[in-house]
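Since the structure comes first, as structure tokens, the remarks are kept for the end.
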Amino acid sequence: MSTKTRRLTYSLAINEAFHQMMSLDESVILIGQGVKSPWYVGNTAQGLIKKFGAERIIDTPVSENSMTGAAVGAALAGMRAVVVHPRMDFMLYAFDPIVNEAANWSYMSGGRASVPVVFWGVINRGGEQAAQHSQALHAMFSHAPGLKVVMPATPYDAKGLMVAAIKDDNPVVFVDDRWLYDTEGDVPEELYSVPIGKGAIRKEGKDVSLIASSFMVGESLKAASELGKCGIDAEVLDLRTVKPLDVDMILKSVEKTGRAVVVDSGWKTCGLAAEVSAIIAENDIKTLKSPIRRITLPDIPAPAGRSLESNYYVKHPGIVDAVVKLVGAQV
Amino acid sequence: MIKETTVGLYRTMVRIRTCEEGFVDPILSKEIRCPVHLCTGQEAVAAGICAALETEDYVFGNHRSHGHFLAKGGRMRELVAEVFCRETGCSRGRGGSMHLIDPSVGMMGSVPIVAGTIALAMGAALSAKIRNDHRVAVSFFGDGATGEGVLCESLNFAALRKLPVIFVCENNLYSTHLPIDEIRVSRKIYELGIPFGELSHRLDGNDVLAVHRAARNAVDLCRRGKGPVFLECLTYRMHGHVGPDDNIQGAHTDIRPPKEIEKWRKKDPIKKLERHILKNKIASRKELAEIHAQAEKEVLDAHCFARNSSFPREEELGLYVYKN
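Each protein sequence line maps, in turn, to chains E and Z. Once you know that position 295 of the first sequence is 1587 in the working numbering, the rest is easy, because the numbers rise by one and skip nothing. Once you know that position 216 of the second sequence is 217 in the working numbering, the rest is easy, because the numbers rise by one and skip nothing.
The structure is reproduced here in structure tokens:
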């Protein structure tokens, strides 16, 4: 790609995706709570209302079910709608339009109609926000046939996957993490998309595959760096899309390294890490040297108090410990 | 009202009724197996509302939407084939009776999740408002849907943005098995729209001319940016909630008093319009008989078409999950 790139934060990369897609295609609309607020969605909606007007940048009452349904209906009627849930905990109110309606619409209409809608949910946790202001619910949406689910880890992917999600004719759940909003990365100025369903290897290695997504990719890279100091050469995989998974990338990497550690920001039971583990296990990889390990949140709601919180979220030292135990003999 | 309109409303109701009653035998013989919610008795609402719409206008339905599909211009062959779950059905045999769609005539879809399409219809109206293309969206739902919060959320937002959407509540007095007095304090459903500042009316839902007049007025308001409008249409389903069983007291689905059913049978919307047509000499008995005969023929043809159509192929189970 011949293009100028410059450093941009994750949140402004998302913002740029909107500016460019809304200029390119007047059927693109953004709807949801806080799109005109200075704090709700960070600076992801910066300048949009001024440029595209309140007809296309629609701030809403606290009515997640109806507003998400409106985005689905608008998509059925020819728009490309993005509906934002600044805290994805509130997205549970919208399970019906997302899972019952949008996900099933193409199938139950025999392909007569599809729903080009993006359900954008922000994981917004930490800071003693407790159980209902902290949840990472991507696995719940990944369960439903008909949905695609993406979780960008870098500013480049945040822009490219938002563009891809908007252009996709199917409903796409776009999950980002507020902890990533200030991270900077190289982002091309021009419009581009990152293909949905393709992962990326962020660091090559030969001893163990760390399979991660979203915020956990950065933590896994930090862990890999620590592990390098004790002679363990970890490969770091960024899933980028959690549905459909890049199965080829996962299997090739695990075949090569013989070890898999799946790192996820969600809960353990029936979670993304469980799914990735099952795919590896089902494929009966002959080179597998040790059991697959999952590093996830415990099956516990998010606590408020900082003493508990620091013991709750997965950070890179936890990944290092788990890998060292797994590869143990080599250290 | 001009003759063509009145006779057209009659024809639409007769087509719906004949089509619905044509399903009874194949359901009883288990030739049709998907859940079928017949709208016999409620034809005036679908006919009266849809006759006020243009092809480009949007309609979203519910579990009981055969009438909406036909009244909006959907082809009877495709409807019947879908209820028979055949590949030639409007949803290619993937949806069955509860998932009827034909975007080419503005029938945007129907679903059995109660209140599931109310916000979708509002979203279609939102898109019409953004594009300023003067289309109107209609959401058909029942009295049972008034128990869902999404209705109030949608009434509020539609009013806030003055969206061109008509909320049509077909109040048939029963939410599945529960009489209305067991699900609501007030029977006056139309009052739900009032606190949101919406024009809200209660109509005799078995009087197709009254429904049609109200619909034309509502459509006109919506096209002039003065929507939304809430219309409660009082009506009654002559069959029970699902299938041809009538849910009569004393039967195993022991719900509705026979006297109540008889009272509503006298208010039959087709008979009501027939009396009006004959009294005012809008059409002759012979002309009306011809409409019935044509409808019988059409239904027979649609059933032959469905029976001669194949089921979806087994190996195509995974088609249409995603659009490629």
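C-beta atoms are modelled at their ideal positions from N, C-alpha and C, and glycine is treated no differently. Since the structure is predicted, the reported quantities are computational estimates derived from the model, not experimental observations.
Item                                                                                                                                                                                    : Value
Under a CB-based cut-off of 9 Å, is residue 1412/E close to chain Z?                                                                                                                    : no
Please name the residues in the segment 99-113 of chain Z whose beta-carbon is closer than 8 Å to at least one beta-carbon of chain E, in chain order.                                  : 100, 102, 103, 104, 109, 110 and 112
For a cutoff of 9 Å on Cβ pairs, would you count residue 1621/E as touching chain Z?                                                                                                    : Note that residue 1621/E has pLDDT 49, beneath the 50 cutoff, so the model's placement of it is unreliable and no number is given.
How should residue 396/Z be labelled, buried or exposed, when 16 other C-beta atoms within 10 angstroms of its C-beta is the threshold for buried?                                      : Absent from the model: residue 396/Z. The displayed extent of chain Z is 2 to 325, so no value can be given.
One question on the structure: do residue 1350/E and residue 1327/E come within less than 9 Å of each other, judged by their Cβ atoms?                                                  : yes
Against chain Z, with Cβ distances strictly below 9 Å, would residue 1332/E count as a contact?                                                                                         : no
For residue 160/Z, which residues of its own chain have a beta-carbon under 7 Å away from its beta-carbon, when the five flanking residues on both sides are left out?                  : 197, 198, 199 and 229
Give me the subset of the segment 1532-1544 of chain E whose CB atoms are less than 8 Å from a CB atom of chain Z, sorted by chain position.                                            : none
What's the C-alpha gap between residue 1593/E and residue 1554/E?                                                                                                                       : 20 Å
Is the beta carbon of residue 46/Z less than 9 Å from the beta carbon of residue 75/Z?                                                                                                  : no
How should residue 271/Z be labelled, buried or exposed, when 16 other C-beta atoms within 10 angstroms of its C-beta is the threshold for buried?                                      : buried
Strictly under 9 Å for the Cβ-Cβ distance: is residue 92/Z near chain E by that measure?                                                                                                : yes
For a contact defined as C-beta to C-beta under 8 Å, what are the partners of residue 322/Z on chain E?                                                                                 : 1398, 1399, 1437 and 1438
Give the interface partners of residue 1304/E over in chain Z, defined as CB-CB distance under 8 Å, in chain order.                                                                     : Within 8 Å Cβ-Cβ: nothing; residue 1304/E doesn't reach chain Z, min ~26 Å.
Nearest chain E C-beta to residue 124/Z closer than 9 Å, yes or no?                                                                                                                     : yes
Check whether chain E comes within 9 Å of residue 24/Z, counting only Cβ atoms and requiring the distance to be less than that.                                                         : no
Would you say residue 157/Z lies against chain E (beta-carbon separation less than 9 Å)?                                                                                                : yes
Is there at least one Cβ from chain Z nearer than 9 Å to residue 1324/E's Cβ?                                                                                                           : no
For residue 1468/E versus residue 1443/E, is the C-beta spacing smaller than 9 Å?                                                                                                       : yes
Where does residue 255/Z land, buried or exposed, given buried means 16+ other C-beta within 10 angstroms?                                                                              : exposed
Any idea if residue 1565/E is buried or exposed, counting beta-carbon neighbours within 10 angstroms, 16 or more meaning buried?                                                        : buried
Determine which residues share a DSSP beta bridge with residue 1440/E and list them.                                                                                                    : 1464/E
Once the 5 residues before and after residue 287/Z are set aside, which same chain residues still bring their CB inside 7 Å of it?                                                      : none
Check the Cβ-Cβ distances between residue 1475/E and every residue of chain Z, and say whether any is below 9 Å.                                                                        : no
With a threshold of 9 Å between beta-carbons, can residue 1313/E be considered close to chain Z, or not?                                                                                : no
How many Å lie between residue 1623/E and residue 1579/E at the Cα?                                                                                                                     : For residue 1623/E, the pLDDT reaches just 45, beneath the cut-off of 50, and the residue's location in the model is therefore unreliable, although a value from the coordinates is still provided. Distance between the alpha carbons of residue 1623/E and residue 1579/E: 20 Å.
For the candidate residues 124/Z, 143/Z, 307/Z and 268/Z, whose alpha-carbon lies nearest to that of residue 169/Z?                                                                     : 143/Z
Mind checking residue 250/Z: buried by the 16 CB within 10 Å criterion, or exposed?                                                                                                     : exposed
DSSP on residue 172/Z, reduced to helix/strand/coil?                                                                                                                                    : strand
Look at the alpha carbon of residue 1321/E and the alpha carbon of residue 268/Z, and state the distance between them as a whole number of angstroms.                                   : 47 Å
So the candidates are 179/Z, 204/Z, 178/Z and 43/Z; which of them puts its Cα closest to the Cα of residue 190/Z?                                                                       : 204/Z
Please report the Cβ distance between residue 1356/E and residue 112/Z, rounded to the nearest whole angstrom; I am assuming they are in contact, meaning their Cβ atoms lie under 8 Å. : The pair is not a contact, with the Cβ atoms about 19 Å apart (cut-off 8 Å).
Taking Cβ positions, are residue 1550/E and residue 1582/E nearer each other than 9 Å?                                                                                                  : yes
Between 1608/E, 1411/E, 1529/E and 1447/E, which has its C-alpha nearest residue 1515/E's C-alpha?                                                                                      : 1608/E
Taking residue 231/Z as part of the beta strand (DSSP E), name the residues at either end of that continuous run.                                                                       : 230-235
So the beta strand (DSSP E) residue 1480/E belongs to, where does it begin and stop?                                                                                                    : 1476-1480
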